[in-house]
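Quick note on numbering: full-length UniProt numbering labels position 200 of the sequence shown as 200, and the sequence is numbered without any gaps.
By construction, the Cβ of each residue, glycine as well, lies at the ideal position given by its N, Cα and C atoms.
Below is one structure; the comments refer to it alone.
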Amino acid sequence: MVTKDLQTRLEEINKRIDDATRRSGRKDKVKLLPVSKGQSPEKIKYFQRQGFTIFGESRVQELREKDEKLDGVEWHFIGHLQRNKVKYLMRMENCTLIHSLDSWRLARTIDKRARKNNRKIPVLVQVNVARDPNKFGIEPSEVKDFVYEVSKLENIRVEGLMTIVPYSENPEEARPYFKQMNNLKNMLCDKGFNVKELSMGMSNDFEVAIEEGATIIRIGTKLFGERVYN
Ligand SMILES: *Cc1c(COP(=O)(O)O)cnc(C)c1O
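Here it is in structure tokens:
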């Protein structure tokens, strides 16, 4: 029964991604990151059987617990990362991208821990594009200087930008923010930074995000169903 639900959801999401991609005239393929926070390992296994290898988690503890229970998973960290938890992620070779670099102090900690583990970790810079006081992220006007400073760190590689926009019933309200993110990405490319990824769009607004240039969309509930926390 559960499997049927998941299959139906996955088919619907895939169709909507294809439609939005076609509408926007894009030739590249948008990557779907299933966000597994608050979801059971069994559901993750279902998506593994469908060919997904990478999952998004937003809490270090939860990510580590799930990692114990699953084989062959690669993790993207998408939540606010506390500096004292960085060491756990950097020890995990299968944690391959941090979407949520949101401060200079965090950048320095990640760089230090990555060096200890002999790796160069790809990150995305989280931008508070809506300038929401309750959200983490770099102010849009400071993104260029921030990326410039972080690019000097030897064990971090900035591969793109990420944002979480305010929830709204109407996904069109997110469009100006997504547009602004795409402009920021293009501006950085013009300045010579190799930022390829634009991680934006969630269950509620992923189609608009695709139309505005998202390369990674992060989908939780529309794919897995409601989250359960115990
Ligand atoms: C939870 C979460 C998502 C997924 O949210 P849904 O609305 O369930 O799709 C995406 N991105 C981040 C950063 C999240 O924390």
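Residue i in three-state terms, based on DSSP
{"i": "P166", "result": "coil"}
{"i": "E159", "result": "strand"}
{"i": "Q50", "result": "coil"}
{"i": "Q126", "result": "strand"}
{"i": "S141", "result": "helix"}
{"i": "L63", "result": "helix"}
{"i": "E74", "result": "strand"}
{"i": "F136", "result": "coil"}
{"i": "L153", "result": "coil"}
{"i": "E57", "result": "strand"}
Contacting residues, own chain, Cβ-Cβ under 7 angstroms from residue i (five flanking each side not counted)
{"i": "T8", "result": "none"}
{"i": "S203", "result": "I219, G220, T221 and K222"}
Cβ-heavy atom distance, residue i to ligand 1, below 8 angstroms
{"i": "N204", "result": "yes"}
{"i": "R218", "result": "yes"}
{"i": "residue 245", "result": "Absent from the structure is residue 245, since the part of the chain shown begins at 1 and ends at 230."}
{"i": "K179", "result": "no"}
{"i": "I210", "result": "no"}
{"i": "G137", "result": "no"}
{"i": "V35", "result": "yes"}
{"i": "residue 232", "result": "Summary: the structure shown does not reach residue 232, with the chain confined to residues 1 through 230, and so no result is reported for it."}
{"i": "S58", "result": "yes"}
{"i": "G79", "result": "yes"}
{"i": "T221", "result": "yes"}
{"i": "R83", "result": "no"}
{"i": "S24", "result": "no"}
{"i": "S100", "result": "yes"}
{"i": "R175", "result": "no"}
{"i": "R227", "result": "yes"}
Close Cβ partners of residue i (< 8 angstroms) along its chain, the five nearest in sequence each way excluded
{"i": "V147", "result": "V125, V158, L188, F193 and V195"}
{"i": "residue 231", "result": "The question about residue 231 has no answer, for the chain in this structure spans 1 to 230."}
{"i": "L70", "result": "P41, I44, K45 and Q48"}
Cut-off 6 angstroms between Cβ atoms - residues of its own chain near residue i, not counting five sequence neighbours on either side
{"i": "F224", "result": "Q39 and K43"}
{"i": "G201", "result": "A209, A214 and I217"}
{"i": "W104", "result": "none"}
{"i": "A174", "result": "V165, D205 and V208"}
### Message
Between the stretch 93 to 110 and the stretch 123 to 130, can you find at least three pairs of beta-carbon atoms closer than 8 angstroms?
### Response
Cβ pair count under 8 angstroms is three or more, so yes.
### Message
What ranges does the beta strand (DSSP E) occupy inside the stretch 182 to 218, keeping only unbroken runs of at least 3 residues that lie completely in it?
### Response
197 to 199, all fully within the stretch 182 to 218.
### Task
Output the residue ranges of the beta strand (DSSP E) runs that lie fully inside the stretch 7 to 40 and measure 3 residues or longer, sorted by chain position.
Look at the stretch 7 to 40 and you find these whole runs of beta strand (DSSP E), each 3 residues long or longer: 31 to 34.
### Query
Does the stretch 110 to 121 come close enough to the stretch 161 to 175 to have 3 or more Cβ pairs within less than 8 angstroms?
Touching, no.
### Task
Could you tell me which uninterrupted alpha helix (DSSP H) segments, each at least 4 residues in length, are contained entirely in the stretch 97 to 127, listed from first to last along the chain?
Listed in chain order, the alpha helix (DSSP H) elements of length 4 or more contained wholly in the stretch 97 to 127 are 104 to 116.
### Message
Could you check whether the stretch 21 to 28 touches the stretch 46 to 65, counting it as contact only if at least three pairs of C-beta atoms, one from each stretch, sit closer than 8 angstroms?
### Response
With contact defined as three or more Cβ pairs closer than 8 angstroms, the stretch 21 to 28 and the stretch 46 to 65 are not in contact.
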